[in-house]
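In what follows, a single structure is set out as structure tokens and then discussed.
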Amino acid sequence: MLEVKNINLFYGGIHALKDISLEVDEGEIVTLIGANGAGKTSTLRAISGLTSIKSGEITFKNKSLNKVPAYKVVADGMSHVPEGRRVFSNLTVMENLELGAYIRNDKKGIKDDFDMVFEKFPRLKERMNQLAGTLSGGEQQMLAIGRALMVRPELLLMDEPSMGLAPIVVQEIFNIVKEINKSGTTILLVEQNAHMALSIANQAYVLETGQIVMKGDPKEMLNDDSIRSAYLGE
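Here the sequence shown stands for residues 13 to 246, where the numbers follow this note's numbering.
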């Protein structure tokens with residue numbers, strides 16, 4: 013479904029991504045793990061068209077995304093839950109969700125998807141008329157995910173969905189990630205909580221200073237001593 017081949021990305025003179033290659037097959041959860049500054053967010057931003065690459069190739073559903081602007085990437089069936097949630101704080105929960113469906117005009121389908129989001133996130137239904145900026149961190153994360161689902165994405169990019177959340181909320185978010193995947197959405201997950209990410213993924217990549225240094229079975233990585241000491245705090 014998604015193929016990234018030898019992409020290079022620069023911020024001024026800083027070579028942030030160095031020949032990154034990865035694949036995401038339909039129906040999978042693929043995770044990128046790595047320390048802060050490893051290039052995880054830059055990889056997602058390159059894929060969704062938010063940051064331009066210097067070289068390499070990004071292909072989604074057999075179509076090159078290299079020159080495609082971000083808003084057209086969304087129309088092609090990809091949505092991005094950004095790091096830090098980035099909800100529209102001065103708009104209500106419902107207005108945030110409506111903005112998620114901005115490229116759609118199928119009123120019945122949009123209404124069905126509001127119902128789907130509220131079924132997945134009952135707290136959002138309770139707060140549908142509340143300003144997003146007044147929600148808790150966990151509720152804002154749920155809103156950011158719900159807003160991305162309103163696109164009806166085939167591929168969902170998720171950047172640090174557990175960041176800054178209490179452990180009980182983290183578990184809830186990861187349960188929902190699994191549920192979204194089971195309902196047919198492919199997921200590329202960037203996550204600092206390596207243990208949680210590896211426990212739900214089908215495939216994993218490890219990023220260090222802009223390079224992929226390991227890829228393979230996440231269950232094997234959970235038992236790899238070098239991974240355990242570097243990323244699992246063991």
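Where is the CB? At the ideal position from N, CA and C, for every residue including glycine.
query: C-beta contact flag for Leu34 and Thr55 at 9 Å; result: yes
query: DSSP three-state assignment for Gly68, whether helix, strand or coil; result: strand
query: Distance CB(Val129)-CB(Met162) smaller than 9 Å; result: yes
query: Inter-residue spacing [alpha-carbon to alpha-carbon] between Gly96 and Leu177; result: 11 Å
query: Beta carbon of Met106 nearer than 9 Å to that of Phe133; result: no
query: Three-state secondary structure (DSSP) of Tyr243; result: helix
query: For Leu109 and Phe100, believed in contact at Cβ under 8 Å, the rounded distance; result: With 8 Å as the limit, Phe100 and Leu109 do not qualify as a contact, their Cβ atoms being about 10 Å apart.
query: Own chain, CB closer than 7 Å to Gln152, minus 5 neighbours either side, in chain order; result: Arg97, Val99, Ala144
query: Inter-residue CB distance, Gly222 and Lys30 (contact presumed, cutoff 8 Å); result: 5 Å
query: Straight-line gap, Leu200 to Arg164 (C-alpha atoms, nearest Å); result: 15 Å
query: Lys41, buried or exposed, once every other Cβ within 10 Å from all chains shown has been counted against 16; result: The question names Lys, but residue 41 is Ile in the sequence shown. The residue is buried, with at least 16 neighbouring Cβ atoms inside 10 Å.
query: Proximity winner among Ala242, Gln204, Asp237, relative to Lys52 (alpha-carbon distances); result: Gln204
query: 7 Å CB neighbourhood of Ala209 in its chain, flanking five on each side removed; result: Thr43, Ile45, Leu201, Glu203
query: Test item: CB-CB of Lys79 and Asp88 under 9 Å; result: no
query: DSSP state of Ala47 mapped onto helix, strand, coil; result: coil
query: Environment of Ile224 [buried if 16+ CB atoms lie within 10 Å]; result: buried
query: Rounded separation between Gly196 and Ile70 - CA only; result: 22 Å
query: Buried versus exposed call for Ser174 [16 or more other C-beta atoms within 10 Å across all chains shown]; result: buried
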